[in-house]
Amino acid sequence: MKVGVIGGTGFYEMRGDEIEVETPYGAVILFYLDEGDREIFFLPRHGKKHVPAHMVNYRANIAAMKKAGVGAIVAINTVGSMRREFEIGSFFIPDDFIDFTCRKSTFFDKEAVHIDMSQPFCPIVRKILIEEAMKKGKVNEGVYVVTEGPRLETKAEINMLKNFAHVVGMTLSPEVILAREAGICYASICIISNYAAGMQEKLDVEEIRRVYEERKGDLMDVVKEALKKIPENRNCGCKYAAERGKL
Ligand SMILES: [Zn+2]
8 MKVGVIGGTG FYEMRGDEIE VETPYGAVIL FYLDEGDREI FFLPRHGKKH VPAHMVNYRA
68 NIAAMKKAGV GAIVAINTVG SMRREFEIGS FFIPDDFIDF TCRKSTFFDK EAVHIDMSQP
128 FCPIVRKILI EEAMKKGKVN EGVYVVTEGP RLETKAEINM LKNFAHVVGM TLSPEVILAR
188 EAGICYASIC IISNYAAGMQ EKLDVEEIRR VYEERKGDLM DVVKEALKKI PENRNCGCKY
248 AAERGKL
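Structure representation (structure tokens):
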């Protein structure tokens, strides 16, 4: 069974055989690892040259995963907390999202396909991630608001956003949307690396990196165990999202 991992900034731990996959949106580098009954395709989201979040070629990334035959993706994201009780360094597993980006977020430019987003994440992969993450510490759940970046948010923006969401980041969307359109089960595990603007004295990129480095080992264990537990046959319906969304 083929599964995928999309790693964020600093997560380049799953290097295998490098393969280049051509897609209509550009070529993508994947790393292939053969782990017995699991074939893992690891995709560093930001590519080899580490392009910033707003410049990531999300359509090419998901199209490459699809072409490789990946049926389920575990995505790794780093987020800022808008809740005092969600501690820095803890895991966050989103159950919904709000998209404030202005990125190209569909594969369907030539036909009307309106996919159902009332459950944007695969419930099966999510549940497995939660169970595995809980073995390594506190797990928070909630809404991830996606901002365009690359700048961080203002205090006023956070004051508004925290009424509707729990964490803020730049990379979940359009990845989650495109995976759904592609019929790939998708769930995300995030590390809370800081409090959002106005909730701590200043936002320091070095601090974000340090927190991530500290939790990277645990994160790796969670992802590896979760990949082993994703069942081959899933009754989640993610596979048929696009089919059901066709006019
Ligand atoms: Zn699914």
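If you want my numbering, it's the position in the sequence shown, counting the first as 1, plus 7.
Backbone N, C-alpha and C fix where the C-beta goes; we use that ideal spot for every residue, glycine too.
Three or more beta-carbon pairs separated by less than 8 Å are not found between the stretch 160-175 and the stretch 137-145, which leaves the two stretches without contact.
The three-state secondary structure of Pro238, taken from DSSP, is coil. Arg45 is bridged by DSSP to Glu42.
Straight-line measurement puts the Cα of Arg133 at about 9 Å from the Cα of Pro101.
Annotated three-state conformation of Pro51 is strand, per DSSP.
The residue among Glu94, Lys74, Val174, Tyr39 with its C-alpha nearest the C-alpha of Pro31 is Lys74. In this structure, the beta-carbon distance from Val152 to Phe107 falls below 8 Å. For the set Gly96, Arg110, Arg216, Met124, the Cα lying nearest the Cα of Gly156 is the one of Arg110. For the 8 Å CB-CB criterion, Phe38 and Gly23 form a contact.
Beta-carbon to beta-carbon, Gly14 and Arg52 are separated by about 6 Å, close enough to satisfy the 8 Å threshold.
Using a 10 angstroms sphere on the CB of Val174, the tally of other CB atoms reaches 16 or more, which defines it as buried.
For Val81, the distance from the CB to the nearest heavy atom of ligand 1 is not below 7 Å. Not one heavy atom of ligand 1 is found less than 7 Å from the C-beta of Arg187.
Cβ atoms of Cys243 and Pro127 stay farther apart than 8 Å, at about 12 Å. A Cβ-Cβ contact shorter than 8 Å links Leu234 with Val10. The nearest non-hydrogen atom of ligand 1 is 7 Å or more from the C-beta of Val183. Linking Ile36 to His61 through their CA atoms gives a straight-line distance of about 19 Å. Here Asn147 is near Phe93, since their CB atoms are less than 8 Å apart. Counting every other CB atom within 10 Å of its CB across the protein chains shown gives Leu168 a total of 16 or more, marking it as buried.
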